[in-house]
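Below: the structure, in structure tokens.
Residue numbers (the numbering used here): -14 to 106.
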């Protein structure tokens, strides 16, 4: 996986520095072309406990009882099965997933994202 976590300033320099609220996510330019929808994971409300909850719920997923998570304020939906994780961005026109990862890739990403949040929030 090639990605770089980032604090994202969506005010684009239009607000005073002391008023900026950052979203936490992934730098768009660091993503592979087929994984660009992962940029939709950006959200100002991320906490390490929210990420841990996603990790814990993902560990409970079964083939019959998948875990679905929609990132607050975005159209990115993550669907977790025991072996694979599917990412759907409702901004795209395709009906199938935008991309998928193995379960272990997803958990690794979330663990690293959690560390990034703990260090930067």
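Note that CB positions come from ideal geometry on N, CA and C, so glycine has one too.
Note that the structure is predicted; figures quoted are calculated from it, not measured.
Open item on the list: Suppose contacts are defined by Cβ-Cβ distances below 8 angstroms. Is residue 101 in contact with residue -10 by that definition?
Closed with: Cβ distance < 8 angstroms, so residue 101 and residue -10 count as in contact.
Task: Whole runs of the alpha helix (DSSP H) within the region 27 to 83, excluding any shorter than 4 residues - done: Listed in chain order, the complete alpha helix (DSSP H) runs (minimum 4 residues) inside the region 27 to 83 are 33 to 44.
TODO: On a CA-only basis, which of 42, 59 and 57 is nearest residue 51? Give me that one, please.
DONE: Nearest to residue 51 by alpha-carbon distance, out of 42, 59 and 57, is 42.
Open item on the list: Is it buried or exposed, residue 3, if we count other Cβ atoms within 10 angstroms and call 16 or more buried?
Closed with: Residue 3 is exposed by the Cβ-count criterion.
Open item on the list: Our contact map puts residue 9 next to residue 21 with C-beta atoms below 8 angstroms; I'd like the distance itself, whole angstroms only.
Closed with: No, residue 9 and residue 21 are not in contact; Cβ-Cβ is about 18 angstroms, not under 8 angstroms.
TODO: For residue 83, count neighbouring C-beta atoms within 10 Å of its own C-beta (all shown protein chains included) and say buried if the count is 16 or more, exposed if not.
DONE: Counting every other CB atom within 10 Å of its CB across the protein chains shown gives residue 83 a total of 16 or more, marking it as buried.
TODO: Using a threshold of 8 angstroms, state whether the C-beta atoms of residue 40 and residue 54 are closer than that.
DONE: No. Outside cutoff.
Open item on the list: Contact criterion: CB-CB distance below 8 angstroms. Does residue 92 meet it with respect to chain D?
Closed with: The structure shown contains no chain D, having only a single protein chain.
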